[in-house]
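Data first, discussion second: the structure below is written as structure tokens.
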Amino acid sequence: MNLHLINTSYFENNLLVLDGNKLRLKKQVREVTLSKNQTKLLIFLINEINDKHSIIEFIWGGVNSKSKENNYNQLVYKTKALLVQNGFPENFIITLPRYGLCLNKAHEQPRTLKFDPVEFIFNDHNACI
Numbered sequence: 029m030n031l032h033l034i035n036t037s038y039f040e041n042n043l044l045v046l047d048g049n050k051l052r053l054k055k056q057v058r059e060v061t062l063s064k065n066q067t068k069l070l071i072f073l074i075n076e077i078n079d080k081h082s083i084i085e086f087i088w089g090g091v092n093s094k095s096k097e098n099n100y101n102q103l104v105y106k107t108k109a110l111l112v113q114n115g116f117p118e119n120f121i122i123t124l125p126r127y128g129l130c131l132n133k134a135h136e137q138p139r140t141l142k143f144d145p146v147e148f149i150f151n152d153h154n155a156c157i
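The opening residue of the sequence shown carries number 29 in the numbering used here; numbering runs sequentially from there.
Below, the structure written as structure tokens:
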């Protein structure tokens, strides 16, 4: 597998900072120390590589096997539990059934709805004034 990942020692966006094996939520000033494999998992998810088989191959190498899939399931479970214990949202990592995982994009940017009521159109027959 030939991957081009971001710098594994540091990543930052408006939500989180990954510095080495430390993951920190900016808004809530929460920080957690990750294991080596948990850090690799987060690096993959930050890079939007969500496929379970790619993650397994990257972390454990070689051919996919039942034991590696069990290791993957345990890694995901323990990572989610660790994050929740340290104040991260329960849905920070989302499981995509029969595919893999992804980071919840809803936590990346605050949602603000801005509209001018005169321009708010329900359909081509109605408008809110």
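Each residue gets a CB set at the ideal place from its N, CA and C atoms; glycine is no exception.
In this text, all values refer to a predicted model and were calculated from it rather than measured experimentally.
- According to the DSSP assignment, I122 belongs to the beta strand (DSSP E) that extends over 121–124.
- Linking V60 to G90 through their CA atoms gives a straight-line distance of about 30 Å.
- The alpha carbon of L53 has as its nearest neighbour, out of N132, F116, R126, the alpha carbon of F116.
- Taken through DSSP and simplified to helix, strand or coil, V91 comes out as coil.
- E40 sits in a strand when the DSSP states are folded into three classes.
- Here I74 is actually not in contact with Y100; their C-beta atoms are around 18 Å apart, not less than 8 Å.
- Per DSSP, reduced to three states, the secondary structure at K64 is helical.
- Taking C-beta atoms as the reference points, K108 and F86 fail to come closer than 8 Å.
- The Cβ neighbour count for G128, taken over all protein chains shown within 10 Å, is at least 16; the residue is labelled buried.
- Taking the CA atoms as reference points, Y105 sits about 23 Å from V57.
- Between F120 and L110, the beta carbon gap of about 11 Å keeps them out of contact (Cβ cut-off 8 Å).
- G115 is bridged by DSSP to nothing; it lacks a bridge partner.
- Per the coordinates, the alpha-carbon of E40 lies some 17 Å from the alpha-carbon of Q66.
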